[in-house]
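Chemist: Have a look at this one.
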Amino acid sequence: ARYRADLETLESGETRLRKLEAEAMVARAAYLEAAERLSDMRAGTADTLATAVEAELPYLKLGNARFFVDRQVDKARVSPTGFDTIAFHVQTTP
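Residue 2 is where the sequence shown starts when you use this note's numbering, and the numbers rise one by one after that.
This is the structure we're talking about:
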């Protein structure tokens, strides 16, 4: 019985592999869709954030300073946080 079960497992391996590959394709498509939406939201929010921070800089005696959001998009990158890499930069002197 044990050998029969082992044989059935081996014989069903190709079918299971095809099923897992199909599930992986569905999961990747869902990830790409979610990451694309997140990236689009970040693009709009980055400009809003930069404008809001720059509006506060004169009150900090940093009237000539600039704040900007550096957003790098790498659609080949797969991570729990999407495919964007975000960095905040402050230029205190022109």
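The beta carbon of each residue, even a glycine, is placed where N, CA and C say it ideally should be.
If you're wondering where the values come from, they're calculated on a predicted model, not measured in any experiment.
1. For Ala-25, count the other beta carbons within 10 Å of its own beta carbon; 16 or more makes it buried, fewer makes it exposed. Which is it?
2. My output table needs one value for Arg-17: the three-state DSSP class, helix, strand or coil.
3. On the criterion of 16 or more Cβ atoms from any shown chain inside 10 Å, does Ala-100 qualify as buried, or is it exposed?
4. Considering Ala-88, what are the terminal residues of the beta strand (DSSP E) in which it resides?
5. Mapping DSSP to helix, strand and coil, what is Val-70?
Modeler: Considering the structure as presented:
1. exposed
2. helix
3. Not covered by the structure: residue 100. The range shown for the chain is 2 to 95.
4. 85 to 92
5. strand
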